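Q:
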Amino acid sequence: MSWCLTERAIDHVVLERGEVANSWRTERWDSLRLLTPNWQSRLPGFGYEGDDPDGYRSMPKTIEFLDRYGRVISAPVEVHTTVTSVGRNDTGYVVSTDQGDWRCRALVLASGACNIARVPALAEAVPPGIDTLSAMDYRNPDQLAHGGVLIVGAAATGTQVAHEIHLSGRPVTMSVGQHIRAPRVYRGRDLEWWMDVAGVHDERYDEIEDVNRARRVPSLQLTGTPERSTLDLNALTAIGVKMVGRMAGIRDGQAQFSGSLLNMCKMSDLKMNRLLNTIDEWAEASGMDGEVDPAHRLPPTEVEASPPLGMDLTSGEIKTVIWATGYRPDYSWLDVPVLDRKGLIRHDGGVVDASPGMYLMGMQFLRRRKSALIDGAGDDARDLGSHLAAYLDGSAEDRD
Ligand SMILES: Cc1cc2nc3c(=O)[nH]c(=O)nc-3n(C[C@H](O)[C@H](O)[C@H](O)COP(=O)(O)OP(=O)(O)OC[C@H]3O[C@@H](n4cnc5c(N)ncnc54)[C@H](O)[C@@H]3O)c2cc1C
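Anchor point for the sequence shown: position 14 equals 41 in this note's numbering, and the numbering is continuous, going up by one each time.
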């Protein structure tokens with residue numbers, strides 16, 4: 028957004044509580060690599076120039092990339108400046124920070140979609156003696172007690188963390204709810220490449236049937252490794268990770284799992300195959316069929332037909348529970364009434380409802396399927412930057 032505002036000669040400042048790329052510096056586990064290939068992190072006026080376009084950035088490389096972008100575009104970033112409250116005044120907004128106040132006519136909320144781990148209320152019933160942590164607190168297996176680990180959640184975070192912890196020698200059980208299976212490589216090309224060229228990532232929020240539902244779907248089970256391997260439930264089961272159903276409750280130290288595991292996996296296979304059908308249709312229509320490997324389907328997810336419906340958390344077998352159950356934004360500092368009952372900002376494609384001059388970025392399916400990816404920021408910023416410029420022109424005319 029800073030690049031877009033500079034291009035339009037709109038005077039602005041970027042307030043950041045940490046340093047540039049703070050979330051990648053402080054909120055991710057050590058071994059994480061982007062699940063989007065290097066070529067895919069395209070920012071306005073800046074792309075990948077190295078010799079490994081199909082590789083996946085480590086955290087240090089991701090930080091370096093964003094840091095360099097900030098410098099190349101001379102983004103006017105005020106680092107170590109935490110926004111503590113935002114309110115309205117007659118001409119726009121008053122933004123209070125621990126370094127003083129700012130007044131602005133327009134405001135872009137780009138504070139991230141993943142500030143807080145979303146942990147279910149039942150977490151409070153985990154018996155004492157078991158360590159619990161969220162994926163945001165997890166850094167590496169060395170931080171965990173020796174012994175069994177129960178990981179709740181099977182999207183990209185849960186599967187990656189389960190894999191790493193299993194390799195550390197700790198027995199891992201995964202509680203599996205809704206998830207979306209995805210092959211890393213399909214017909215010889217990265218799945219992200221297919222989603223890019225086939226236009227899946229460009230699907231717009233105002234053109235799909237149920238955007239609210241689309242905004243809640245979990246991340247694809249993808250991981251970025253040099254081997255470009257697929258990390259689905261079959262891969263995890265094959266190395267010895269145990270699958271159980273969605274965690275439904277904890278009573279008297281007994282974890283209760285839903286009996287829906289098989290159904291969840293069937294749904295997930297179905298969703299994956301729907302995506303692969305879209306890709307195949309695109310490949311045929313665009314004459315790509317001859318240039319790539321033939322279409323194929325993965326064998327179905329294999330899980331026990333009757334997995335255990337309970338687990339005794341007091342037996343000493345499980346030493347750690349990790350909540351890989353998603354993330355949510357933090358708006359505790361926002362004193363403008365723009366939140367819905369779920370605490371999310373009401374907006375139309377990033378234009379905040381009932382608060383003229385306020386914009387939102389970086390949310391799941393904000394304007395496009397790719398909106399919450401690094402690669403999605405550019406197009407959204409161009410659209411919203413243009414709306415913001417028109418708003419400033421309009422409000423200037425009103426004042427005149
Ligand atoms: C585990 C995980 C893996 C991911 N992997 C990928 C991937 O492989 N590829 C990909 O494209 N995307 C990935 N994402 C999504 C990724 O987070 C986004 O693509 C990208 O970070 C969004 O950038 P952003 O600037 O909108 O939000 P953020 O990166 O969250 O940045 C928000 C910034 O706002 C600052 N901030 C927040 N509150 C305040 C405040 N009150 N005052 C001042 N500053 C504040 C934060 O410090 C932070 O620096 C992943 C996300 C997670 C959680």
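In this text, a Cβ means the ideal position worked out from N, Cα and C, and glycines have one as well. All values reported here derive from a predicted model rather than from experimental measurement.
1. Return the first residue and the last residue of the alpha helix (DSSP H) that residue 397 is part of.
2. Strictly by DSSP, which residues pair up with residue 56?
3. Along the chain, where does the alpha helix (DSSP H) that runs through residue 86 open and close?
4. Under 8 Å, do residue 144 and residue 354 count as touching if we go by C-beta distance?
5. Under 7 Å from any heavy atom of ligand 1, does the C-beta of residue 43 make it?
6. Would you call the stretch 344-362 and the stretch 160-180 in contact, with 3 or more CB pairs under 8 Å?
7. If you drop the 5 nearest sequence neighbours on each side, which residues of the same chain put their C-beta closer than 7 Å to that of residue 266?
8. Hey, is the stretch 326-333 in contact with the stretch 257-264, meaning 3+ C-beta pairs nearer than 8 Å?
9. Please find out if some non-hydrogen atom of ligand 1 comes closer than 7 Å to the beta-carbon of residue 166.
10. Determine the extent of the beta strand (DSSP E) in which residue 201 is found, giving its start and end residues.
11. Look at residue 271 and residue 198 and say whether their C-beta atoms are less than 8 Å apart.
12. Suppose you measure from the CA of residue 243 to the CA of residue 393; what does that come to, to the nearest Å?
13. For the pair the stretch 230-244 and the stretch 163-177, tell me if three or more CB-CB distances fall below 8 Å.
14. If I measure Cβ to Cβ from residue 67 and keep anything under 6 Å in the same chain, skipping five residues before and after, which residues do I get?
15. If distances are taken between C-alpha atoms only, which option among 89, 32, 300 and 78 comes closest to residue 54?
16. Tell me the rounded alpha-carbon separation between residue 418 and residue 133.
17. Hey, would you say the C-beta of residue 388 is under 7 Å away from at least one heavy atom of ligand 1?
18. Run through DSSP, which three-state label would residue 193 get?
19. Could you please give the first and the last residue of the uninterrupted beta strand (DSSP E) stretch that includes residue 47?
20. Going by DSSP, what residue range makes up the beta strand (DSSP E) through residue 282?
21. Unbroken alpha helix (DSSP H) runs of length 4 or more, entirely within the stretch 159-238: which are they?
22. Give a yes or no on whether the C-beta atoms belonging to residue 28 and residue 137 are separated by under 8 Å.
23. Where residue 97 and residue 52 are concerned, what is the direct C-alpha to C-alpha distance, given to the nearest angstrom?
24. Could you tell me the distance, in whole angstroms, from the CA atom of residue 362 to the CA atom of residue 81?
25. Across which residues does DSSP place residue 124 in a beta bridge pair?
26. Write down the C-beta distance between residue 228 and residue 397 rounded to the nearest angstrom, noting that I regard them as a contact closer than 8 Å.
27. Going by other Cβ atoms of all chains shown within 10 Å of its Cβ, with 16 needed for buried, is residue 99 buried or exposed?
28. Once the 5 residues before and after residue 307 are set aside, which same chain residues still bring their CB inside 7 Å of it?
29. Is it the case that the stretch 308-318 contacts the stretch 119-132, given that we only count it when at least three CB pairs across the two stretches are under 8 Å?
30. How about residue 284 and residue 195: do their beta carbons lie closer than 8 Å?
31. Can you tell me whether DSSP reads residue 381 as helix, strand or coil?
32. Nearest by alpha-carbon distance to residue 175: which of 31, 336 and 158 is it?
33. Just to confirm, are residue 47 and residue 106 a CB contact at a threshold of 8 Å?
34. Let me know the secondary structure DSSP gives residue 150 once reduced to three states.
35. Quick check: is any heavy atom of ligand 1 less than 7 Å from the C-beta of residue 244?
A: Taking the geometry as given:
1. Translated into the one-based positions of the sequence shown, residue 397 becomes position 370. Where residue 397 is concerned, there is no enclosing alpha helix (DSSP H), given that its DSSP letter is neither H nor E.
2. Numbered from its first residue, the sequence shown carries residue 56 at position 29. Partner(s): none; residue 56 has no beta bridge.
3. Within the sequence shown, the letter at position 59 stands for residue 86. Counting along the chain, residue 86 sits inside the alpha helix (DSSP H) bounded by residues 86-99.
4. Along the sequence shown, one-based indexing puts residue 144 at 117. Along the sequence shown, one-based indexing puts residue 354 at 327. Yes; because the gap between Cβ atoms is below 8 Å, this pair is in contact.
5. Within the sequence shown, numbered from 1, the residue matching residue 43 stands at position 16. Yes; taking the cut-off as 7 Å, the Cβ of residue 43 has a heavy atom of ligand 1 nearer than that.
6. yes
7. Within the sequence shown, the letter at position 239 stands for residue 266. Once the five neighbours on either side are set aside, the close Cβ partners of residue 266 are 193.
8. yes
9. Sequence index remark: in the sequence shown, residue 166 carries index 139 (1-based). Result no, Cβ not under 7 Å from ligand 1.
10. Taking the sequence shown and counting its residues from 1, the one referred to as residue 201 is at position 174. Segment 199-202, the beta strand (DSSP E) holding residue 201.
11. Against the sequence shown, residue 271 aligns to sequence position 244. Against the sequence shown, residue 198 aligns to sequence position 171. In this structure, residue 198 does not lie closer than 8 Å to residue 271 by Cβ.
12. Residue mapping note: residue 243 aligns to position 216 of the sequence shown, counting from 1. Residue mapping note: residue 393 aligns to position 366 of the sequence shown, counting from 1. If I take the Cα positions, the gap works out to 11 Å.
13. no
14. Translated into positions along the sequence shown, residue 67 becomes position 40. Answer for residue 67: 219 and 402, listed in chain order.
15. Along the sequence shown, read from residue 1 onward, the residue named residue 54 stands at position 27. Of the listed residues, the one whose Cα sits closest to residue 54 is 89.
16. One-based indexing of the sequence shown puts residue 418 at position 391. One-based indexing of the sequence shown puts residue 133 at position 106. Looking at the two C-alpha atoms, the distance is approximately 8 Å.
17. For the purposes of this step, residue 388 is taken as the residue at position 361 of the sequence shown. Flag set: Cβ of residue 388 near ligand 1.
18. Your numbering for residue 193 matches position 166 in the sequence shown. Residue 193 falls in the helix class under three-state DSSP.
19. Here the question's residue 47 lines up with position 20 in the sequence shown. No beta strand (DSSP E) holds residue 47; DSSP gives it neither H nor E.
20. In the sequence shown, counting from the first residue as 1, residue 282 sits at position 255. 281-284 is the extent of the beta strand (DSSP E) around residue 282.
21. 183-194 and 218-224
22. If you number the sequence shown from 1, residue 28 lands on position 1. If you number the sequence shown from 1, residue 137 lands on position 110. It is a contact, given that the beta carbons lie within the stated cut-off.
23. Reading the sequence shown from its first residue, position 70 is the one you call residue 97. Reading the sequence shown from its first residue, position 25 is the one you call residue 52. Going from the Cα of residue 97 to the Cα of residue 52 covers about 15 Å.
24. Here the question's residue 362 lines up with position 335 in the sequence shown. Here the question's residue 81 lines up with position 54 in the sequence shown. In a straight line, the C-alpha of residue 362 is about 43 Å away from that of residue 81.
25. Here residue 124 is taken as the residue at index 97 of the sequence shown, counted from 1. Per DSSP, 110 and 127.
26. In the sequence shown, counting from the first residue as 1, residue 228 sits at position 201. In the sequence shown, counting from the first residue as 1, residue 397 sits at position 370. Indeed they touch by this definition, with Cβ atoms about 4 Å apart.
27. To locate residue 99, count along the sequence shown from 1; it is residue 72. By the beta-carbon neighbour count (other beta carbons within 10 angstroms, threshold 16), residue 99 is exposed.
28. The residue you call residue 307 lines up with position 280 of the sequence shown. So the list reads 322, once near-sequence residues are dropped.
29. no
30. Translated into positions along the sequence shown, residue 284 becomes position 257. Translated into positions along the sequence shown, residue 195 becomes position 168. Not a contact, by the Cβ cut-off of 8 Å.
31. On the sequence shown, residue 381 is found 354 positions in, with the first residue counted as 1. In the structure shown, residue 381 adopts coil according to DSSP, grouped into three states.
32. Here residue 175 refers to the residue found at position 148 when the sequence shown is read from its first residue. Distances from the CA of residue 175 to each of 31, 336 and 158 were compared; the closest alpha carbon is that of 158.
33. As a first step, residue 47 must be located in the sequence shown, where it is residue number 20. As a first step, residue 106 must be located in the sequence shown, where it is residue number 79. Yes, Cβ-Cβ distance for residue 47 and residue 106 is below 8 Å.
34. Position 123 of the sequence shown, counted from the first residue, corresponds to residue 150. Reduced to three states, the DSSP call for residue 150 is helix.
35. Position 217 of the sequence shown, counted from the start, is the residue given in the question as residue 244. No, ligand 1 has no heavy atom inside 7 Å of this Cβ.
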